[in-house]
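I have placed the structure first, in the form of structure tokens, so that the comments after it can refer back to it.
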Amino acid sequence: MANKIKLKLAEFNEVVKKEKWSDGELAIKMSVSTTQIWRVRLPDDDPRHNDPGGEFIAGALTAFPGLKFNDLFFLVTDLRERNEKGKPKQLKEVMKNFQ
115 MANKIKLKLA
125 EFNEVVKKEK
135 WSDGELAIKM
145 SVSTTQIWRV
155 RLPDDDPRHN
165 DPGGEFIAGA
175 LTAFPGLKFN
185 DLFFLVTDLR
195 ERNEKGKPKQ
205 LKEVMKNFQ
């Protein structure tokens, strides 16, 4: 699994709810399609799911200018990273980057 940017779905849905925007209104504010919004909200195991791309991320940060990247998104890193010797890193080695 490569590094991926994921949506903090609960947080995203909460800020949309506070604005009282429909998906259509949100799509206009974000300059994306309602389909993009719908696909990002699907569970990861749904074959129709898409992770947020650059357009979606930029659109969300434009629609919610008071929020930062980390408020709505997080990075999932490949836990199979390799150390200098080519061996898989131990989980504790990977996790120290996030502390």
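Just so we're aligned, residue 115 is where the sequence shown starts under this note's numbering, counting upward by one.
Yeah, the Cβ is synthetic: ideal placement off N, Cα and C, and Gly gets one too.
All figures in this text were calculated on a predicted structure; none of them were measured in a lab.
Asked                                                                                        : Found
Phenylalanine 178, enclosing beta strand (DSSP E) - first and last residue                   : Phenylalanine 178 -> no beta strand (DSSP E), and no H or E assigned at all.
Cross-strand partners of valine 190 (DSSP beta bridge)                                       : Lys118
Host alpha helix (DSSP H) of tryptophan 152 (start-end)                                      : 148 to 155
Within 8 Å, strictly: CB atoms of phenylalanine 178 and isoleucine 119                       : no
Cβ shell of glycine 173 (< 8 Å), same chain only, five flanking positions each side left out : Lys143, Met144, Ser145, Val146
Secondary structure of glycine 167, DSSP reduced to three states                             : coil
Endpoints, the alpha helix (DSSP H) within which aspartate 159 is located                    : Premise fails: aspartate 159 is in no alpha helix (DSSP H) and is neither H nor E.
Beta-carbon spacing of leucine 123, arginine 155 below 8 Å                                   : yes
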